[in-house]
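K.L.:
Okay, here's the structure, questions in a sec.
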Amino acid sequence: MELLQNGTKAKPSEIPLVNGTALTHLNSLFQTQFSGNIDPSRAFVSKVKRLIVKVGTAVVTRSDGRLALGRIGALCEQLKELSSQGFEVILVTSGAVGLGRQRLRYRKLANSSFSDLQKPQGELDGKACAAVGQSSLMALYDTMFSQLDVTSSQLLVNDGFFRDAGFRKQLSDTVNALLDLRVIPIFNENDAVSTRKAPYEDSSGIFWDNDSLAGLLALELKADLLVLLSDVEGLYSGPPSDPNSKLIHTYVKEKHQGEITFGDKSRLGRGGMTAKVNAAVCAAHAGIPVIITSGYATNNIIRVLQGERIGTVFHKDAHLWSNIKEESAREMAVSARESSRRLQILKSEERSKILLAIADALEKNASAISLENEADVADAVLAGYENSLISRLTLKHEKISKLAKSVRMLAAMEEPIGQILKRTEIADKLILEKISCPLGVLLVIFESRPDALVQIAALAIRSGNGLLLKGGKEAQRSNAILHKVITSVIPNTVGDKLIGLVNSRDEIPYLLKLDDVIDLVVPRGSNKLVSQIKESTKIPVLGHADGICHVYVDKSAKIDMAKQIIRDAKTDYPAACNAMETLLVHKDLSNNGGLNELVVELQREGVKLYGGPRASGILNIVETSAFHHEYSSLACTVEIVEDVFDAINHIHEHGSAHTECIVTEDREVAETFLSQVDSAAVFHNASTRFCDGARFGLGAEVGISTSRIHARGPVGVEGLLTNRWILRGSGHVVNGDQGINYTYKELPLEA
């Protein structure tokens, strides 16, 4: 047990463990660069040197009134990290009254007789609660900051003090001296001895709130930024619990003052959102930017200083910013859903005409598209991007023509929507039909491949889905012109908001929360991107985090065929997710020269080889640090295996369930491999590079899925559909299943 300085004991599990891992994570977050992605309404954070952070009672305490040690620990870690980065950090904290009330209630209970407990219990004196809680709260901060090798100081003030010019100067001098010593000043209003005579706002006899104190200190101490931490994401247009309320990213007094409906005051403190907004408006008017954001997240202060678009910003120039009029994430998603429903009621030939019009528009505007794309490519070259990325980014006239051709292929496909998949007679004249239908709204986040935008948009239209697209910043101009060309030919009866283009990645966190209006997320990009998205949303995610594809060369393989397959699988497009990353070779080939031929073939193509424990010794190459590794370049791992079963076990242990290939002339061995390898695509005597929607004849693909639920492998139109049930009767009722004869007769399908 650890003894806190207030004399109480805390369970070890309740004391936040401040360690190097947590600080390393915060440090990496802080150092992450958002070049070109800082929201214009947050540009001022780049000039912040001194900031004041105010944390409310609802953040520092739990719903039962006890201290939220985990949140306080995360707060202290962030402030330590900011201090070490050179920021001057000042903390204004609430929570003393609540903590004192909790301790005094316990003490009163412990000292009460049974008869005392039968009597009505009066409200505890608020000033006594403040006096008891203040020392306990400061002891906790001192304990936590000490673990982080940070010194903190306590400063108790009252509103009356600020009427004294001498006090205000001394306060400023003291704070400046503390900050020069890298000490974090912690302010609180000295409620215990406050003599304010204004009407009380609650029965505790305390009026002053720490939100107004924080605003006053921001002016007195010439802060560059005030951050008010709340128990919600920021300021909403109505009570946050109301599903119709929207988060206001930028507060404009002229616009929002009369529109906002405030909910209840703080559940524990004296302020609430009304007090925060009043303090923020006053500070912003005086030239101090203010951001209200959630104190529940472990890194929101860091994110604020990185320029991320979180919380609500108050700024004296907010009314001049034009970008605040941009359509919100939710509005984009809702518009896409409404447009998709209008698309679905069109006749099949009408939807096909839209696709044909898109194909024609692509060819007609090829020169304009190329011009914008050349600007993207020039910027990428100037920025020093790798050749592989520049290759993916480039849109030449031939590629545009191929895209138009693939869109026409989709237009010619059999109508996918409303297909009857099953018909069953449930009872006489009671017919049940299972029919295909769109998923709804898709959010596709893709890498720097502008051609992917065209493929995905065409698939969405063919399958009747709404679509939100977020492409890589390297292809910003290309994506914009392609989006404009495509949406320009969508008829007004559907609406051009069927396909929305997200321009800032700061919108992504908000989109990932919209599980009520977005039905599927498809990330196409790096392992890190896919993993982060899967961890950040409740919306189903379709995709793969790794593309670790294997080629197993069996002892009966024709070596010339094997050389041709592994060369193509590795070198045709090394950065593709279906490129070979591991070559498995039967042990017999290491004795008859077959292994050497395969290795020489790869080395001739410039492939860097890494070996497993067995292969590295035989081939005298560097041993790989891990089999589960996606190189995405001209490099791969080579390993020796005993037989096909050893190869299968290796793939299951180290693979990513993407695409695997066996090269063999033994049909029985081939069937064993094909039937037992549990991956999305398994090939015999064919390159892994064939795992592609276009090559599979799907017209295009939205991505490749390694999930075992819904779609798997290359995802075309079929993977963007689900089904619903249509029941046709003639007055049938259940009535306890009396008087109805269930037949369950399968019926022929009808168009």
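Using UniProt numbering, the first residue of the sequence shown is number 1, and each one after it goes up by one.
All residues carry an ideal CB built from backbone N, CA and C; glycine is no exception.
It should be emphasised that the depicted structure is a prediction, and the values quoted were computed from it without experimental measurement.
Which residues in the same chain as L179 place their Cβ atom closer than 6 Å to its Cβ, once the five residues preceding and following it in sequence are excluded?
P.N.:
Cβ within range, chain order: E88.
K.L.:
Would G736 be called buried (16 or more neighbouring beta carbons within 10 Å of its own) or exposed?
P.N.:
Result: exposed.
K.L.:
Would V454 and L393 qualify as a contact pair, given that the criterion is a beta-carbon distance under 8 Å?
P.N.:
No, these two residues do not count as a Cβ contact at 8 Å.
K.L.:
Can you give the beta carbon distance from L721 to P416, rounded, assuming they're within the 8 Å contact cut?
P.N.:
So it is a contact: roughly 6 Å between Cβ atoms.
K.L.:
Is P748 helix, strand or coil by DSSP?
P.N.:
Coil at P748, not helix or strand.
K.L.:
Using CA atoms only, rank isn't needed, just tell me which of V97, L140, L226 and N299 is closest to A74.
P.N.:
That would be N299, whose Cα lies nearest to the Cα of A74.
K.L.:
In whole angstroms, give me the CA-to-CA distance for L749 and I539.
P.N.:
Between L749 and I539, the C-alpha separation is close to 33 Å.
K.L.:
Taking 6 Å as the limit between beta carbons, can you name the residues of its chain near D572, skipping five residues before and five after?
P.N.:
Cβ within range, chain order: R689.
K.L.:
Classify Q257 as buried or exposed, calling it buried when 16 or more other Cβ atoms lie within 10 Å of its own Cβ.
P.N.:
Counting Cβ neighbours within 10 Å, Q257 comes out exposed, since fewer than 16 surround it.
K.L.:
Who does H586 pair with in a DSSP beta bridge?
P.N.:
Beta-bridge pairing links H586 to V641.
K.L.:
From C661 to L320, what distance separates their C-alpha atoms?
P.N.:
So the alpha carbons of these two residues sit roughly 59 Å apart.
K.L.:
Suppose the cutoff is 6 Å on Cβ atoms and the five residues either side in sequence are ignored; what does the same chain contact list for N373 look like?
P.N.:
The answer, listed in chain order, is L395 and S478.
K.L.:
In its own chain, which residues sit with a C-beta less than 6 Å from the C-beta of I565, not counting the 5 before and 5 after it?
P.N.:
These residues qualify, in order along the chain: V663 and S687.
K.L.:
Using alpha carbons as the reference points, say which of D646, L468 and L430 lies closest to R728.
P.N.:
The option with the nearest alpha carbon to R728 is L430.
K.L.:
Below 8 Å CB to CB, which residues in the same chain sit around V599 once its five sequence neighbours on both sides are set aside?
P.N.:
Cβ neighbours of V599 beyond the five flanking positions: L609, L619 and V638.
K.L.:
So, using beta-carbon positions, are E220 and S152 closer together than 8 Å?
P.N.:
Not in contact: E220 and S152 (Cβ atoms no closer than 8 Å).
K.L.:
Residues in its own chain within less than 7 Å of A218 by CB, not counting five upstream and five downstream?
P.N.:
So the qualifying residues of the chain are I52, L226, A283 and I288.
K.L.:
Taking 7 Å as the cut-off, is the beta-carbon of N741 closer than that to any non-hydrogen atom of the ligand HEM?
P.N.:
In terms of ligand content, the structure shown is empty, and the ligand HEM therefore cannot be addressed.
K.L.:
Output needed for A375: all residues of its chain with C-beta closer than 8 Å, excluding positions within five of it in sequence on either side, in chain order.
P.N.:
Within the same chain, A375 has close Cβ partners R477.
K.L.:
Report all residues from its chain with a CB closer than 7 Å to the CB of F696; omit the five preceding and five following residues, and keep chain order.
P.N.:
Within the same chain, F696 has close Cβ partners P714.
K.L.:
Measuring straight from C-alpha to C-alpha, what distance separates V150 and Y141?
P.N.:
Their backbone Cα atoms lie some 10 Å apart in a straight line.
K.L.:
Identify whether G543 lies in helix, strand or coil by the three-state DSSP scheme.
P.N.:
In this structure, G543 counts as coil in the three-state DSSP scheme.
K.L.:
Would the region 422-429 and the region 496-504 be scored as touching if the rule is three or more Cβ pairs under 8 Å?
P.N.:
Short answer: they don't touch.
K.L.:
Enumerate in chain order the residues of its own chain whose CB-to-CB distance from R342 is below 7 Å, with the five nearest sequence positions on each side excluded.
P.N.:
Once the five neighbours on either side are set aside, the close Cβ partners of R342 are T493, V494 and G495.
K.L.:
So V489 and A383 are supposed to be a Cβ contact under 8 Å. How far apart are they, rounded?
P.N.:
The Cβ separation is near 33 Å, so there is no contact.
K.L.:
Of the choices R708, A694, K558 and L410, whose alpha-carbon is the least far from that of G593?
P.N.:
G593 has its Cα closest to that of K558, out of R708, A694, K558 and L410.
K.L.:
Round the Cβ separation of A359 and H397 to the nearest angstrom and send it over; I've been treating them as touching at under 8 Å.
P.N.:
Not really, about 14 Å apart at Cβ, beyond 8 Å.
K.L.:
Once DSSP output is grouped into helix, strand and coil, what is the label at G482?
P.N.:
Position check: residue 482 holds Leu in this sequence, whereas Gly was assumed. DSSP places L482 in helix when its eight states are reduced to three.
K.L.:
With respect to the alpha helix (DSSP H) encompassing V55, which residues constitute its N-terminal and C-terminal limits?
P.N.:
No alpha helix (DSSP H) contains V55, which is instead part of the beta strand (DSSP E) from R50 to V55.
K.L.:
Give me whichever residues DSSP pairs with D524 in a beta bridge.
P.N.:
The amino acid at residue 524 is misidentified as Asp; the sequence shows Arg. DSSP output for R524 lists F446 as bridge partner(s).
K.L.:
Between which two residues does the beta strand (DSSP E) holding N723 run?
P.N.:
Here the beta strand (DSSP E) through N723 covers L721 to R728.
K.L.:
If you draw a straight line from the C-alpha of E718 to the C-alpha of I302, how long is it?
P.N.:
Straight-line Cα distance between these residues: approximately 43 Å.
K.L.:
How many angstroms separate the CA atom of L229 from the CA atom of A43?
P.N.:
Computed Cα separation, rounded: 20 Å.
K.L.:
Closer than 8 Å by C-beta to M413: which residues in its own chain qualify, once you throw out the five before and the five after it? Chain order, please.
P.N.:
So the qualifying residues of the chain are R462, G699 and V717.
K.L.:
Which value, in whole angstroms, describes the spacing of the CA atoms of N210 and L155?
P.N.:
Going from the Cα of N210 to the Cα of L155 covers about 13 Å.
K.L.:
Would the beta-carbon of A657 fall within 8 Å of that of D643?
P.N.:
No, Cβ-Cβ distance for A657 and D643 is not below 8 Å.
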